[in-house]
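Enquirer: I am attaching a structure below and will ask some questions about it afterwards.
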Amino acid sequence: MILAKDLGYIDTKILISQLEEVSKLLDSYSNAILTSGS
């Protein structure tokens with residue numbers, strides 16, 4: 000990711016925003032799995 004940023008292939012602001020969204024989705028998904036197993 001650092002190389003892609005340095006070469007200008009990605010916009011880090013957009014990437015960070017997308018990573019935060021994916022992180023929230025995965026957190027919600029893992030919480031749902033953990034609570035459904037109880």
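According to numbering that gives the first Met the number 0, the stretch in the sequence shown is residues 0 to 37, in order. No residue lacks a Cβ here, since even glycine has one placed at the ideal position from N, Cα and C.
#1: What first and last residue would you give for the alpha helix (DSSP H) that runs through ILE13?
#2: So, with DSSP's three-state summary, where would you put LEU6?
#3: What does the alpha-carbon distance come out to for the pair SER35 and GLN17?
Expert: Concretely, from the data shown:
#1: Unbroken alpha helix (DSSP H) run through ILE13: 11-35.
#2: Note: LEU6 maps to coil in three-state DSSP.
#3: If you take the alpha carbons of SER35 and GLN17, they lie about 27 Å apart.
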